[in-house]
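Trainee:
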Amino acid sequence: MTPHPVPTASALLAEDQRLRDLVDSTDGIIWEADALTFTNTFISKSAERLLGYTVQEWMEPDFWKNHIYPPDREQAIAYATAQTARLQNHAFEYRFMAKDGRLVWLHDSTKVVIENGKPRWLRGFLLDITQHKLAEQQRIEGQAALREAALHTQTILDHMVDGVITIDAKGRMESFNKAASRMFGYAPEEVLGRNVNMLMPEPHHSQHDGYLQHYHMTGEARVMGAPREVEGRRRDGSLFPMSLSISKIARGGQPIFIGLVRDVTERRQYEDEIRRLAFYDPLTGLANRRLLMDRLKHAIVTSDRSGQHGALMFLDLDHFKLLNDSLGHDVGDLLLQQVAARLQSCVREVDSVARLGGDEFVVLLEGLSPFPHEAAAQSEVIALKILDALGQAYTLRQHNHSSTPSIGIVLFMHGHETMDDVLKKADVAMYQAKAAGRNTVRFFDPAMQATASAHAELAKDMRHGLVKDEFVLHYQIQVQINEHGATVPTGAEALVRWNHPTRGLVPPAEFIPLAEETHIILPLGQWVLEAACAQLVAWSQVPATAQWTMAVNVSASQFSQPDFVAHVANALRKTGANAHLLKLEITESMLMDDVEDIIDKMGAIKAHGVRMSLDDFGTGYSSLSCLKRLPLDQLKIDQSFVRDLLTDPNDAIIARTVVALGHSLGLKVIAEGVESAEQRDMLAGMGCDAFQGYYFGRPMPASELARFC
Ligand code: C2E
Ligand code: MG
Ligand code: MG
Numbered sequence: 235m236t237p238h239p240v241p242t243a244s245a246l247l248a249e250d251q252r253l254r255d256l257v258d259s260t261d262g263i264i265w266e267a268d269a270l271t272f273t274n275t276f277i278s279k280s281a282e283r284l285l286g287y288t289v290q291e292w293m294e295p296d297f298w299k300n301h302i303y304p305p306d307r308e309q310a311i312a313y314a315t316a317q318t319a320r321l322q323n324h325a326f327e328y329r330f331m332a333k334d335g336r337l338v339w340l341h342d343s344t345k346v347v348i349e350n351g352k353p354r355w356l357r358g359f360l361l362d363i364t365q366h367k368l369a370e371q372q373r374i375e376g377q378a379a380l381r382e383a384a385l386h387t388q389t390i391l392d393h394m395v396d397g398v399i400t401i402d403a404k405g406r407m408e409s410f411n412k413a414a415s416r417m418f419g420y421a422p423e424e425v426l427g428r429n430v431n432m433l434m435p436e437p438h439h440s441q442h443d444g445y446l447q448h449y450h451m452t453g454e455a456r457v458m459g460a461p462r463e464v465e466g467r468r469r470d471g472s473l474f475p476m477s478l479s480i481s482k483i484a485r486g487g488q489p490i491f492i493g494l495v496r497d498v499t500e501r502r503q504y505e506d507e508i509r510r511l512a513f514y515d516p517l518t519g520l521a522n523r524r525l526l527m528d529r530l531k532h533a534i535v536t537s538d539r540s541g542q543h544g545a546l547m548f549l550d551l552d553h554f555k556l557l558n559d560s561l562g563h564d565v566g567d568l569l570l571q572q573v574a575a576r577l578q579s580c581v582r583e584v585d586s587v588a589r590l591g592g593d594e595f596v597v598l599l600e601g602l603s604p605f606p607h608e609a610a611a612q613s614e615v616i617a618l619k620i621l622d623a624l625g626q627a628y629t630l631r632q633h634n635h636s637s638t639p640s641i642g643i644v645l646f647m648h649g650h651e652t653m654d655d656v657l658k659k660a661d662v663a664m665y666q667a668k669a670a671g672r673n674t675v676r677f678f679d680p681a682m683q684a685t686a687s688a689h690a691e692l693a694k695d696m697r698h699g700l701v702k703d704e705f706v707l708h709y710q711i712q713v714q715i716n717e718h719g720a721t722v723p724t725g726a727e728a729l730v731r732w733n734h735p736t737r738g739l740v741p742p743a744e745f746i747p748l749a750e751e752t753h754i755i756l757p758l759g760q761w762v763l764e765a766a767c768a769q770l771v772a773w774s775q776v777p778a779t780a781q782w783t784m785a786v787n788v789s790a791s792q793f794s795q796p797d798f799v800a801h802v803a804n805a806l807r808k809t810g811a812n813a814h815l816l817k818l819e820i821t822e823s824m825l826m827d828d829v830e831d832i833i834d835k836m837g838a839i840k841a842h843g844v845r846m847s848l849d850d851f852g853t854g855y856s857s858l859s860c861l862k863r864l865p866l867d868q869l870k871i872d873q874s875f876v877r878d879l880l881t882d883p884n885d886a887i888i889a890r891t892v893v894a895l896g897h898s899l900g901l902k903v904i905a906e907g908v909e910s911a912e913q914r915d916m917l918a919g920m921g922c923d924a925f926q927g928y929y930f931g932r933p934m935p936a937s938e939l940a941r942f943c
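If you want it as C-alpha cells, here you go:
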C-alpha cells in the first residue's frame, strides 16, 4: 500500500488558488459573513466582476445591508435575521445595487454555521438571476396583457349594438354577445353549444343546414362576405328582419364562423316611411300623383301586351269647396279620408286608388275585357258602385253630411296613348259629368256613354220600380205524368217580370244581369221570395192547389249574402208559408264559388224544410264529386238540351245521362223547356220525373193558373 503523501505548504497554496479561481470564474459569488452583523468576512473575487465592488469594499461593516435595493432591504434583512436566529439554512431573492447603478436580482442561499448552539457564521452563494427574473416578468406581463386584451375584446363585443355570434363548423354556437342576447331574447348559457339554426325560421333554418352541409362537402363557404337580409326568430317565436354577415377564421386548423347580426326592423320601418312619404298621400294614405303615374305607365304597357283594356276614372267631389268654407278644412279633411276609405272598398285589390290633391281622386282599373263594350260595362259597374258608396251619408264630427262625386271614365288599351292623353280624356269626361248635373258618370267615348246612360237609367228605374211595386210574378206550371198517362200539375216556378210604365212587360233577361251587377237583385230577390211565399199561402187555401210546390230562382249574389238563410226564414215566417212546399233553384255556375260555404248554407236551408233544385243543369262544369256532396232534391235539365232532343242525338244522350245521373244520386229530375208531346214522351221514356214548358203552359199570372185545377 502506498502511503498518502502529506501535502506541502506550497501545494496547499496552489490548491487554495485553484479553488478561488474556480469560484471566481462562475457567475456566482461565494461569501461568508458574521451571523450577527451580516458584515462580510469573505467574498469571492467574482463579486468584483459581477457587481463592480472591490473585495475590500465588501468587507466594510454593513456593506451588504447598505447595498440592498431600499424597497427590498427591510424585508430581506428581517428574513435573514429571523432564519439565522432559528438556525435555519435559507434562500431568498432581492434586488442589489451594483456599482455601475444597475439593479441586479440576486438569489441568496445561506447556510448557518453554528457554534455552541448559536449562529456564528453565515456562508452562502449569491447567483445573479436578473435575466431569469426579467424573462419571468415579461411572461407575467405578457399574460396580463393577453388577459387584458381578451377583456378588452369582450367589453367591446358586449357594448356593440350588433350581435356577434361565433359558431363552429357544425353550426354550434361558441359565443353569443350581449347584443345578440338582447336581440334574440336568449341568455348565452341557453344557446351555447346548440345549433345556430334555432335562431332562424324556415326556410332559413333548413337553408342554413344546407349551407353547412355544402361547406363540409366542398369546402366552399357560400354565404361569406357582404351582409344579407334574412329573418331571425326570437325566443318568444316572433320574427324580425336582420342583416347578417359572416366571416370565417381558422383556429387550431378548425374553421370558426363569425356572424355579425343587426336588427334592421327600425331601418325597414324608416325605409317604409320614406317610401310612404314619397309615394303616398299623407292625408288619406292613398297613392299620390307620382305613384299613380308610375302605375298608369305600367298599366298602359301591360294592357298593350295582354290585349285587355284598362280604365282610368277621374273623380271630383261635388261642391266640396262649400263644405271646406263652411265647416273648415279639418272637417273637409275628414270627408276626404272617409271618401278614400269608401273608394278603396269599391275596387279590387289589383286596382289602384290615388288622390291627386284637393278633392280629386283617380281610380285605375286593370285587366278588363278585350272588348270595348264589355270593358265599358265592367268599369261602369264599378263607377255606379262608387256613386252609390260615396252617396251614402257621412258623419263628420257630429255633422251629418251628404256628398256626391262626378266621375269621368276613359278606357285605354293601345300603347301609343300617352299618360297625359289618358288623364286629359278622363278629366274631360269628368267635366261632362259635372255639366250633366253632377252625381253622375260620363265616358269619354260617346257610344259607350250611350250604353252607360241607358244602363244607369235602367238601374235608377229599377230602384223606383221596386218602390212603386212595378215587379210582378208569373208562374209556370210544373207537371208529372201519372200511371194512367195523365198530366198532373204539382206546382209552378215563379218568374219575375217588370211591368214598366212605358216599356210594358220587361222579361227578366233584360234586367236581371244589371240587377245583379248593381246589387238591386238583393231587395228584388227578397221581394220575389216573399211574393212567392204569399202565393203559396193563397194556394194552400184551395184544396186543389194545397199541395202545390213553388220553385223560386235565387241568383248567385243573393245566395252568397251571409244572412241569406235568415232572409228565407223571414219570408216563411212573415207569410206563414209551408216551408216543405218551397223549392229554391240555384244555378250550376254558382258552384264555382266557395263550395264549402254553399254546402253549409244549403244544409241550413234544408234544416228549415225547404227543398233545393239545381237549375240549368248541364250548362256548367260542376264535378261529380262536388255534386255528390250537395244536399239537393232535384236536377233540372237545361232547356237547351230539350230543344233539339228529337233531332240532335248528342242532346238526347245528354238528357238521358242527366236523368241517370240524377237518379243515381237519389235526386228527382225535371226537364224545362218542353214544347211538344214528342219531347215529353221521349223524356218520359228516359225516366224523367217531371216536366215544365210551353207545352204544358207558359208563365202566367196567378189568376190564370185556375185552369190547371
Ligand atoms: P230559368 O230559371 O231557367 O227559367 C226558365 C226560363 O225558360 C223562363 O224564362 C221561362 O219563361 C222559359 N221557358 C219556360 N218554358 C219554355 C219553353 O217551353 N220554351 C222556351 N223557349 N222557354 C221556356 P224567363 O221567365 O224569361 O226567365 C229567364 C231567366 O231569368 C230564368 O231562367 C232565371 O234564370 C231568371 N229569372 C227569372 N225570374 C227570376 C227571379 O225571380 N230571380 C232570379 N234570380 N232570376 C230569375
Ligand atoms: Mg229557374
Ligand atoms: Mg233554367
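Under the working numbering, think of the first position of the sequence shown as 235, with each following residue one higher. Just so you know, even glycine gets a beta-carbon here, dropped at the ideal spot from N, CA and C.
#1: Please report the distance separating the alpha-carbon of Leu917 from that of Val786.
#2: Could you check which residue in Val730, Thr275, Leu285, Ala627 has the C-alpha nearest to that of Tyr709?
#3: Using the Cβ count rule (16 or more neighbours within 10 Å means buried), how would you classify Met826?
#4: Whole angstroms is fine: what's the gap from Ala940's alpha carbon to Phe548's?
#5: Would you kindly check if the distance between the Cβ of Met784 and the Cβ of Gln769 is under 9 angstroms?
#6: Does the segment 673–690 touch the segment 608–618, meaning 3 or more C-beta pairs lie closer than 8 angstroms?
#7: If we ignore side chains and look at the alpha-carbon of each, how far apart do His341 and Gln365 end up?
#8: Which same chain residues, not among the five before or five after Gln572, have their C-beta less than 8 angstroms away from its C-beta?
#9: Just list the alpha helix (DSSP H) runs in the segment 820–883, keeping only unbroken ones of 4 residues or longer that don't cross its boundaries, in chain order.
#10: According to the neighbour-count rule (16 or more other Cβ atoms, all chains shown, within 10 Å of its Cβ), is Val893 buried or exposed?
#11: Taking just the CA atoms, how far does Ala245 sit from Thr236?
#12: Determine which residues share a DSSP beta bridge with Asn429 and list them.
#13: Just to check, is the beta-carbon of Asn787 closer than 8 angstroms to a non-hydrogen atom of ligand 2?
#14: Can you give me the start and stop residues for the beta strand (DSSP E) that Met784 sits inside?
#15: Check whether the segment 653–671 and the segment 558–573 touch, using three or more Cβ-Cβ pairs below 8 angstroms as the test.
#16: Buried or exposed: which applies to Ser440, given that a residue is buried once 16 or more other Cβ atoms fall within 10 Å of its Cβ?
#17: Under the criterion of a Cβ to heavy atom distance below 8 angstroms, does Lys817 qualify as lining ligand 4?
#18: Within 8 angstroms: the Cβ of Lys870 and any heavy atom of ligand 3?
#19: Please state whether DSSP places Leu361 in a helix, a strand or coil.
#20: What residues in its chain sit with their C-beta under 8 angstroms from that of Pro353, if we drop five residues either side in the sequence?
#21: Could you tell me the alpha carbon to alpha carbon distance between Lys840 and Val802, rounded to whole angstroms?
#22: Could you work out which residue in Arg468, Glu436, His442 is closest to Glu424 when comparing CA atoms only?
#23: On the criterion of 16 or more Cβ atoms from any shown chain inside 10 Å, does Asp743 qualify as buried, or is it exposed?
#24: Straight-line CA distance for Val776 to Trp782?
#25: What is the DSSP secondary structure of Val730, reduced to helix, strand or coil?
#26: For a test of the three-state rule: what should DSSP assign to Gly738, helix, strand or coil?
#27: Grouping DSSP H, G and I as helix and E and B as strand, with all else coil, what is Met434?
#28: Could you give the DSSP three-state label for Lys902: helix, strand or coil?
#29: With H, G and I counted as helix, E and B as strand and the rest as coil, what does DSSP make of Asn673?
#30: Of the residues Thr752, His753, Asn812, which one's Cα is nearest the Cα of Ala772?
#31: Would a C-beta distance cut-off of 9 angstroms place Glu906 and Gly927 closer than the cut-off?
#32: Can you tell me whether Ser808 is buried or exposed? The criterion is at least 16 other CB atoms within 10 Å of its CB, across all chains shown.
#33: Run through DSSP, which three-state label would His814 get?
#34: Do Thr721 and Asn673 have their C-beta atoms within less than 9 angstroms of each other?
#35: CB of Gln913 to nearest heavy atom of ligand 3: below 8 angstroms?
#36: With DSSP as the reference, identify every bridge partner of Leu598, one or two as the case may be.
Mentor: The answer reads as follows:
#1: 23 angstroms
#2: Val730
#3: exposed
#4: Looking at the backbone, the Cα of Ala940 and that of Phe548 are separated by about 56 angstroms.
#5: yes
#6: yes
#7: Taking the straight line from one Cα to the other gives about 12 angstroms.
#8: Only Tyr628, Leu630 meet the Cβ criterion.
#9: 829–841, 858–863, 873–877
#10: buried
#11: Below a pLDDT of 50, predicted positions are generally treated as unreliable, and Thr236, at 44, falls in that range; no measurement from the model is reported.
#12: Arg406
#13: yes
#14: 783–787
#15: no
#16: exposed
#17: Absence of ligand 4 is noted for the structure shown, with ligand 1, ligand 2 and ligand 3 being the only ligands found.
#18: yes
#19: strand
#20: Ala269, Leu270, Thr318, Ala319, Leu321, Val346, Val347
#21: 11 angstroms
#22: Closest by alpha carbon: Arg468.
#23: Checking the sequence shown, residue 743 turns out to be Ala, not Asp. Exposed: under 16 other Cβ atoms inside 10 Å.
#24: 10 angstroms
#25: strand
#26: Strand at Gly738.
#27: coil
#28: Strand at Lys902.
#29: coil
#30: Asn812
#31: yes
#32: Per the sequence presented here, residue 808 reads as Lys, with Ser not at that position. Lys808 comes out exposed.
#33: helix
#34: no
#35: No.
#36: Leu546, Ser586
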